[in-house]
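Chemist: What follows is a structure written as structure tokens; I'll ask about it next.
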Amino acid sequence: MLVKDMTPKEHKKRQWRIDNKKRRERQKTLQNVLINTPASTPPPSSPRPLPLSPRSNSLTPASSVAPSRGRKQLRRDRSRLYRQNIQLQDQTQELLRKVQ
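Residues in the sequence shown are numbered from 1 upward in steps of one, following UniProt numbering.
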């Protein structure tokens, strides 16, 4: 089947398969690196040790890829429901002012 003949749903499924395959390969290579890496040696007795990044506590990479997957969270003020809710609150405030 040609790519141009696919439906949008089939395109999404194909892209999902490709992304999933890449994710599994990355996970497998990272796992192999973690397994095949020898234990850490003590740092050399140099006058100035190399600084680590503030987030990392070790020199080995993290094996979790959970943050890279999933739907990104949108800001609340971007959602339609939130905007409608704000409008309705403003309307109720105006009506309360008119009543008083």
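A virtual CB, placed ideally from N, CA and C, is assigned to each residue, including glycine.
To the nearest angstrom, how far is it from the Cα of Lys9 to the Cα of Leu34?
Modeler: The count along the sequence shown starts at 1 and reaches residue 9 at position 9. The count along the sequence shown starts at 1 and reaches residue 34 at position 34. Counting only the Cα atoms, Leu34 lies some 37 angstroms from Lys9.
Chemist: Measure the alpha-carbon distance for Asp5 versus Trp16 and round it to whole angstroms.
Modeler: Here residue 5 corresponds to residue number 5 of the sequence shown, with the count starting at 1. Here residue 16 corresponds to residue number 16 of the sequence shown, with the count starting at 1. Approximately 18 angstroms between the Cα atoms of the pair.
Chemist: Between which two residues does the alpha helix (DSSP H) holding Leu2 run?
Modeler: To locate residue 2, count along the sequence shown from 1; it is residue 2. Run containing Leu2: none; DSSP gives neither H nor E here.
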